[in-house]
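Shown next, in structure tokens, is the structure this report addresses.
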Amino acid sequence: METRSNHVLVGAVVLILLAVLALFTVWLARLGGKAEHEYDIFFEQSVDGLTKGSQVTYSGVLSGTVKQIALWKPDPRLVRVRIAVDPETPVLEGTTASASCSFTGTCTVSLDGARRNAAPIVCAQGSPGPRCRYGVAEIPPKPGGIGALLASAPRLLENVSNLTDRLTKLLGDNNQTSIQGILANTNRLSGALADRGPEIAATLAQTRVAIQQAGDASQKIGDLAATTNGLLSQDVRPTLANLNRTIEQARQSAATLNQTIGDARPGLQTFSRQTVPEANQLVHDLRQTAAALQSVAEKVDRGGAGALVGSSRLPDYQGH
Numbered sequence: 229m230e231t232r233s234n235h236v237l238v239g240a241v242v243l244i245l246l247a248v249l250a251l252f253t254v255w256l257a258r259l260g261g262k263a264e265h266e267y268d269i270f271f272e273q274s275v276d277g278l279t280k281g282s283q284v285t286y287s288g289v290l291s292g293t294v295k296q297i298a299l300w301k302p303d304p305r306l307v308r309v310r311i312a313v314d315p316e317t318p319v320l321e322g323t324t325a326s327a328s329c330s331f332t333g334t335c336t337v338s339l340d341g342a343r344r345n346a347a348p349i350v351c352a353q354g355s356p357g358p359r360c361r362y363g364v365a366e367i368p369p370k371p372g373g374i375g376a377l378l379a380s381a382p383r384l385l386e387n388v389s390n391l392t393d394r395l396t397k398l399l400g401d402n403n404q405t406s407i408q409g410i411l412a413n414t415n416r417l418s419g420a421l422a423d424r425g426p427e428i429a430a431t432l433a434q435t436r437v438a439i440q441q442a443g444d445a446s447q448k449i450g451d452l453a454a455t456t457n458g459l460l461s462q463d464v465r466p467t468l469a470n471l472n473r474t475i476e477q478a479r480q481s482a483a484t485l486n487q488t489i490g491d492a493r494p495g496l497q498t499f500s501r502q503t504v505p506e507a508n509q510l511v512h513d514l515r516q517t518a519a520a521l522q523s524v525a526e527k528v529d530r531g532g533a534g535a536l537v538g539s540s541r542l543p544d545y546q547g548h
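Sequential numbering of the sequence shown, starting at 229, is according to this note's numbering.
Below, the structure is given as structure tokens:
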């Protein structure tokens, strides 16, 4: 009996020591680890495939796990998903959550969309509010997601079925002949374009040359316009100024001449009324005097000086 009692005592002591060691290990693990931050997400669509323990990623980086999934009693259309993420995960204002599933059937909660230098998402101060209904901060869901995709799946399948039916009708026996004719015409058109390839290339080259020449002509016209403006500003304007001064001087000279003629008009009238008739009479007298002198000179030439005092001698008579 004493030996059995000793074994029981030793076993109990060993169990207690193992339990203490396990608790100490857990305590060390918690002491060395970091406290996780919990958030609630209220999805408006189905989260089929998402389970407790599913991964939570932030921009594709594993950041936490799903802790709880439950319907929200005030509105059964909403599903409350509680997640726990590392404290270093930047859950900032603008962050949204979405549930997605891969082709292998693995579903995750994805977080993204945080704004740079934004404030962290925290609970409102005081009593729980719209952003803190269960004591933790809430991350808004991203519009759409897996629920919207699943909800639209029947309509998508119906559209695919309609499209398949239309393609079947389009590719029927009656339309295949027409499609073959269209393809044959397309081949002929492609061959004709290939044969005309050099001509098309030459036309494009000529078009480039024409465009370049048009550009050069436009530049020359611009230079000519600039030169013409410079010429007008430098040569024509000074000449026009000199011409204006000359016209003004001529106008002043004409005014002076008119004034001079007006002042000389009385003397001109006297000259025309008195001096001109007297000059005419003097000329007449001078003409008469010149005629008399010419007659005297002729007499002197014929008869000498005696012809001036005596009468002319008759010719001698000779009888027969």
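We put the beta carbon where it would ideally sit given N, CA and C, even for glycine.
Item checked: CA-to-CA distance, Ala298 to Ala552, given in whole angstroms -> No answer is possible for residue 552: it lies beyond the span of the chain, which begins at 229 and ends at 548.
Notebook entry, point to check: For Arg416, does the three-state DSSP call read helix, strand or coil?
Noted result: helix
Next item on the list: Closer than 8 Å by C-beta to Pro315: which residues in its own chain qualify, once you throw out the five before and the five after it? Chain order, please.
Entry: Lys262, Ala263, Glu264, His265
Checklist line | C-alpha distance - Val248 paired with Gly281, whole-angstrom precision | finding: 28 Å
Item checked: Rounded C-alpha distance that separates Cys335 from Leu243 -> Taking the straight line from one Cα to the other gives about 41 Å.
Next item on the list: List the residues that DSSP assigns as beta-bridge partners of Asp340.
Entry: Paired residue(s): Thr324.
Check: Expressed to the nearest angstrom, what Euclidean distance is found between the alpha-carbon atoms of Ser326 and Arg383?
Finding: 22 Å
Next item on the list: Could you please give the first and the last residue of the uninterrupted beta strand (DSSP E) stretch that includes Arg424?
Entry: That residue, Arg424, is in no beta strand (DSSP E); it is neither H nor E in DSSP.
Note to self: Looking at the strands, I want to know which residues DSSP matches up with Thr293.
What the structure shows: Gln283, Ala312
Checklist line | Gly450 classed as buried or exposed, judged by whether at least 16 other C-beta atoms fall within 10 angstroms | finding: exposed
Item checked: Backbone CA spacing between Glu386 and Thr396 [nearest angstrom] -> 15 Å
Notebook entry, point to check: Hey, is the stretch 317-326 in contact with the stretch 338-347, meaning 3+ C-beta pairs nearer than 8 Å?
Noted result: yes
Next item on the list: Work out the CA separation of Asn402 and Val294 for me, nearest whole Å.
Entry: 58 Å
Check: Quick one: what does DSSP say Phe252 is sitting in, helix, strand or coil?
Finding: helix
Notebook entry, point to check: Does DSSP classify Asp268 as helix, strand or coil?
Noted result: strand
Checklist line | Ser418 versus Gly400 - alpha carbon distance | finding: 26 Å
Notebook entry, point to check: Is Val238 buried or exposed, if buried means 16 or more other CB atoms sit within 10 Å of its CB?
Noted result: A residue is called buried once 16 or more other Cβ atoms fall within 10 Å of its Cβ, and Val238, having fewer, is exposed.
Next item on the list: State the beta-bridge partners of Ala365 as determined by DSSP.
Entry: Tyr267
Margin query: Please report the straight-line C-alpha distance between Leu246 and Val236, rounded to a whole angstrom.
Written below: 15 Å
Checklist line | Ala298 in three-state terms, based on DSSP | finding: The answer is strand: DSSP assigns Ala298 an E or B state.
Checklist line | Local conformation of Val307 per DSSP, three classes | finding: strand
Item checked: beta-carbon Pro371 near the ligand GTP non-hydrogen atom, thresh 7 Å -> Judged by which ligands are present, the structure shown has none, so any question about the ligand GTP falls away.
Next item on the list: Give a yes or no on whether the C-beta atoms belonging to Pro371 and Ile269 are separated by under 8 Å.
Entry: no
Checklist line | One or two residues paired with Pro348 in a DSSP bridge | finding: Leu320
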